[in-house]
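Number of protein chains: 2
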Amino acid sequence: MLTVNHRSYRRPTQPTVVVCVDGCEPDYLAQAVAAGHMPWLKKALAEGSGLVADCVVPSFTNPNNLSIVTGAPPSVHGICGNYLFDTASGTEVMMNDPKWLRAPSLLAALADAGHSVAVVTAKDKLRRLLGHGMKGICFSSEKADQCTIEENGIDGVVQLVGKPVPSVYSADLSEFVFAAGVRLMQTRRPDVMYLSTTDYVQHKHAPGTPEANAFYAMMDGYLGQLEAMGCVIALTADHGMNSKVGLDGRPQVIYLQDWFDRELGEGAARVILPITDPYVVHHGALGSFATVYLPAGTAAAPMADKLRRLPGMEVVLERGAAAERFELPPDRIGDLVCVSERFTVIGTSASRHDLSGLDAPLRSHGGISEQRVPLVVNRKLTGIDPARRWRNFDAFDLALNHVA
Amino acid sequence: MLTVNHRSYRRPTQPTVVVCVDGCEPDYLAQAVAAGHMPWLKKALAEGSGLVADCVVPSFTNPNNLSIVTGAPPSVHGICGNYLFDTASGTEVMMNDPKWLRAPSLLAALADAGHSVAVVTAKDKLRRLLGHGMKGICFSSEKADQCTIEENGIDGVVQLVGKPVPSVYSADLSEFVFAAGVRLMQTRRPDVMYLSTTDYVQHKHAPGTPEANAFYAMMDGYLGQLEAMGCVIALTADHGMNSKVGLDGRPQVIYLQDWFDRELGEGAARVILPITDPYVVHHGALGSFATVYLPAGTAAAPMADKLRRLPGMEVVLERGAAAERFELPPDRIGDLVCVSERFTVIGTSASRHDLSGLDAPLRSHGGISEQRVPLVVNRKLTGIDPARRWRNFDAFDLALNHVA
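These protein sequences, in sequence, are chains A and B. Under the UniProt record's numbering, the first residue of the first sequence carries the number 1, and numbering increases by one thereafter. Under the UniProt record's numbering, the first residue of the second sequence carries the number 1, and numbering increases by one thereafter.
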């Protein structure tokens, strides 16, 4: 047994693949299965196990990917967004640097214990966090042509996969992840593999649409190949995805910095959107979660009360309550945490969001309304408590400890 | 001024049309506007007023249509479902008979005050309730060929509309409502008109799909014709609509009678599904709301506690709390009210639901998750409280009292 972050895991006895499908609202799978586009998944659900789990809120990519590979919430691993306000330096920074990590990953522990481990992500921003401290293969589709043995534990990836490096804004970026996973399993048969895609398709296309179904049909084909090679496969998601528009089809936004500027004076409060990352064309940095640093001397409770009355706001919590409810590191969130409801996102100032790149009605995530995610294992499960609240970061626990 | 159910209304000074679009989750409008299928609505939202309102829970057709025409919740008008357990007779009955009505409609009051009124519904089941006590025109698409002056205040409807009587399971049934509304306005120019469609399309097709967009494009064309004739138009919905399936694409159902039969013995409790009506092919009588009559001597509170722990259950309330929260007549609901969450419906016994007619993944309604509905008026509004919680049954108030 291996113990990581106070959870124990059996060592893998068969190749074990955990797949994090970015933005995979469960209805994407349901509609694709119903329409006949996912024969592998249909069989996996019938012969294996299909659960619905809760992801971490904020329902963003980095916190959830790190939760899945550490088996723990952000209060343990420290990654509570893609972006944060670093109170030590007084600057807003990306959270891609491993220095923000507060816990080791199960992947690193497995590698240290002598198992072969491979990680493939769509975007490079996640790679360094996921691969931190891990001996093995770890690369992104985005920079597949720049892999070196030293940095990535592998080279010649483009030749191995036989596909060109895709655009960072494409469904192909995710397909490359699956194609690489299949080739790695065929050629190196790692004991454990973690595959993590990007939600380019999900930000644009609703469940059941031809484009979404095509994506899931593609995925299904690769997962079927992995199953045919004897892999245990656990499939989950970092977060769901919802339409975030008003009746006129335009983004429905609470511009929270503008609100605070009117309320407390310009720039007095600092609104942080943890969805922020360098790739914002498809969502304009608009998600359903924000955290707010108030100026010294401003009481949080009356502000929270006012914010709760804003149309489209779902939950407003002060730091302590937010850290407890969402299992977040209290020193890395602001005085207030704001979560907007299913059809509404939170922005900073209207003038700071460039929505010109949105070529489809906004779909996004970040809130409680995007917390439901699939948790599917292509095997029957044993020894599980039926009353347990499933989390996406139980994926390795199920795949290693509870497979029949 | 006219006072009906303790609300006051100005008399119409221009033709006023209230449209209840059955199952119109707001995202249907958003996606159709964004894709360019609703030029009239796009203009109405830009030059008029677009609100999102809460419908009545249970989010079913009859309670909400009656709320819209009475301006009051079911605690006032008495219609709390399509179907109920009549404790007086000990039988389960449809609630289509006007004997169940406890309040007059604004339509009847307007007619009594000398205004010309016309009502067109898709299905005939609603017609008798909506037209109760009302002098004027009142007919359904379903029985458009059987209209008589005596019963419906009009005859020759099929000739007037110039379309054949559509199938009860079709988008055409709703189109006939709009086409009839336009022809009535062209030929008789009623002071007030109420148009109410059916959710055949919405039960099958998600927002933004070609079939949904085609429906809303059709509707938009007719509403544009009404606007061109100078009508004030208020558009709302009886309820929203959500996907109600599990990961495998099959209906995700809590079979509540089966649960009670195991818990208390067969047939000891009685589960009532107020969605039940004679037209169940497209939803199999599965919705997200149920009420339960417990056997004498069974305490409700412990049952409620157990039910709250069932996966997929959102809210379980005892009679008094349910009647208060949802504004329902306490004498017409059971000891418990159960509401399932966004992706889950409630059934009675698995053996009593025929799902063979479902030719698409289940979409349905009834719960709190289907409470958001559009409330659009093609005019600017004046004198409204920005903090007001909008209800779909404010449609006549807005159209008569608050149009600029």
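Glycine included, every Cβ here is placed at the ideal spot set by N, Cα and C.
Put simply, the CB of Q31 (chain B) is near chain A, with a gap under 8 Å to one of its CB atoms. Judged by DSSP in its simplified three-state form, A34 (chain B) adopts helix.
In chain order, T121, C138, F139, S140 place their CB closer than 7 Å to the CB of R127 (chain A), counting only its own chain and leaving out the 5 sequence neighbours on each side. Per DSSP, the unbroken alpha helix (DSSP H) holding G320 (chain A) starts and ends at 319-326. Within 9 Å of the CB of D248 (chain A), the CB atoms of chain B belong to L29, A30, V33, A34, L41, K42, L45, A46, G50, in sequence order along the chain. Taking 9 Å as the upper bound on Cβ-Cβ separation, chain A lies near residues R309, P311 of the stretch 277-311 of chain B. Looking at the DSSP output, G347 (chain B) sits in a beta bridge with B:Y255. If you check each beta-carbon in the stretch 361-379 of chain B against every beta-carbon of chain A, the ones closer than 7 Å belong to P361, P374, V376. Across the structure, D27 (chain A) and K43 (chain B) are spaced so that their CA atoms are roughly 33 Å apart. In the DSSP assignment, V161 (chain B) falls within the unbroken alpha helix (DSSP H) covering 157-161. The stretch 48-60 of chain B makes contact with the stretch 369-379 of chain B: 3 or more CB pairs, one atom from each, lie closer than 8 Å. From the beta-carbon of P251 (chain B), no residue of chain A is found nearer than 9 Å; the closest lies around 10 Å away. As DSSP reads the structure, V17 (chain B) sits in a beta bridge with B:M193, B:I233. Judged by their CB atoms, V232 (chain B) and T382 (chain B) are not nearer to each other than the 8 Å cut-off. Its chain contains I79, G81, N82, M95, L126, L129 as the residues whose beta carbon lies nearer than 7 Å to that of N62 (chain B), once the 5 sequence neighbours on both sides are disregarded; these appear in chain order.
Annotation: G347 (chain A) has no Cβ neighbours in chain B at a cutoff of 8 Å; minimum Cβ distance is about 18 Å. Taking C-beta atoms as the reference points, S75 (chain B) and L328 (chain B) count as a pair closer than 8 Å. Of the other Cβ atoms in all chains shown, fewer than 16 fall within 10 Å of the Cβ of R10 (chain B); this residue is therefore exposed. For E227 (chain A), the three-state secondary structure derived from DSSP is helix.
Judged by beta-carbon spacing, Y255 (chain A) lies beyond the 8 Å limit of V69 (chain A), meaning their Cβ atoms are not closer than that value. Cβ neighbours of C147 (chain A) within its own chain (closer than 8 Å, five residues either side excluded): F139, I154, D155, G156, V157. With its beta carbon less than 8 Å from one in chain B, G208 (chain A) belongs to the interface. Look at S340 (chain B): its C-beta is not under 8 Å from any C-beta on chain A. Scanning its chain for C-beta atoms nearer than 6 Å, with the 5 sequence neighbours on each side dropped, one finds around D172 (chain A) the residues P166, in chain order. A direct Cα-to-Cα measurement between N5 (chain B) and L317 (chain B) gives close to 27 Å. Contact of S105 (chain A) with chain B by beta-carbon distance below 9 Å is absent, the smallest such distance being about 27 Å. Apart from sequence neighbours up to five positions away, the residues of its chain that approach E227 (chain B) with a beta-carbon distance below 8 Å are W40, A44, I233, N378, ordered along the chain. For E150 (chain B), the enclosing alpha helix (DSSP H) stretches over residues 149-152. Contact annotation, F289 (chain A) with P274 (chain A): C-beta distance approximately 6 Å; criterion of less than 8 Å satisfied.
At a cut-off of 8 Å between beta carbons, V201 (chain B) makes no contact with chain A. Within chain B, not a single residue places a beta-carbon under 9 Å from that of S356 (chain A); the smallest gap is close to 15 Å.
Closer than 8 Å at the C-beta level to chain A, one finds these residues of the stretch 220-250 of chain B: S243, V245, G246, L247, D248, G249, R250.
With respect to S243 (chain B), D22 (chain B) sits apart: the two C-beta atoms are not nearer than 8 Å. Residue range 200-204 is occupied by the alpha helix (DSSP H) that includes V201 (chain A). Distance from the CA atom of L310 (chain B) to the CA atom of A206 (chain B), rounded to whole angstroms, is 27 Å. In this structure, DSSP gives S243 (chain B) an extended state, which the three-state scheme calls strand.
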